[in-house]
Amino acid sequence: MKWYTREWQRGDLPDEESDRRDPGYAGYVASISDRLPAHVVELALPQDEHQSVDDALVDLAEFDEAAARVRFRLVNGSLQTGYGALDLQLSGVTSIVPPPDELKPLLANPRTEFLRQEVHALGDGAIEVAFLLWPEGEFAVRCADVQSSWTPVASRDDHRNEVLIHRASSRDTQRR
């Protein structure tokens, strides 16, 4: 994370610096928008609460090495706008830092929330999507594309924190 760091989240930055994070990130996204598909720019700067990871809980995190794909189903929204499942599918995945085995305990914790996402255009045409988690953790996925969709759910409490890791060398799946 370059803009939405742990120091930003904790309020450890001077007010002026903290106030520059949103416009700084928006300016960065504008500067790379010609190198990203429109749907990725929309994910980078969501205009709709339902397309944002802010305060989202983990329903499903699936890491599929053989398919080079990562999928998240996150429960987001509010009482005012309604709750839903934000599905993110990252395809053409070439790296995940830290690796899924290290992320598994964080994502399986029912207290974990996604706080913010950042999208970066890399020099080789790849995309990096980075996520800041609460109460701890962050990670980044390097991929070729990311697609999102949203469907309504009845409650924010409707989440499982299920983490699946499919290995490329085996069809075995490790479950939480």
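Every letter in the sequence shown is one number past the one before it in the working numbering, and letter 159, counting from 1, is 165. Glycine included, every Cβ here is placed at the ideal spot set by N, Cα and C. As the structure is a prediction and not an experimental result, all values here were calculated from the model.
Residues near residue 140 in its chain [Cβ-Cβ closer than 6 Å; skip 5 each side]:
119, 121
Reducing DSSP to helix, strand and coil, say where residue 84 ends up.
strand
Determine the direct distance from the alpha carbon of residue 112 to that of residue 92, and round the result to whole angstroms.
19 Å
Span separating the alpha-carbon of residue 161 from that of residue 116
15 Å
Outcome for residue 79 when other beta-carbon atoms lying within 10 angstroms are tallied against a minimum of 16
Here residue 79 is buried: its Cβ has 16 or more other Cβ atoms, across all protein chains shown, within 10 Å.
Quick check on this structure: which residue in 11, 38, 129, 39 has the alpha carbon closest to the alpha carbon of residue 26?
11
Answer with buried or exposed for residue 16, where buried requires no fewer than 16 other C-beta atoms within 10 angstroms of its C-beta.
Exposed, since its Cβ has fewer than 16 Cβ neighbours within 10 Å.
Are the CB atoms of residue 99 and residue 74 nearer to each other than 7 Å?
Their beta carbons are under 7 Å apart, which means residue 99 touches residue 74 by this criterion.
Suppose you measure from the CA of residue 47 to the CA of residue 151; what does that come to, to the nearest Å?
11 Å
Taking 7 Å as the threshold (C-beta atoms), are residue 68 and residue 138 in contact?
no
Taking the DSSP output, what are the residues bridged to residue 93?
79, 155
Proximal residues to residue 102 (C-beta, below 6 Å), its chain only, five neighbours per side dropped:
147
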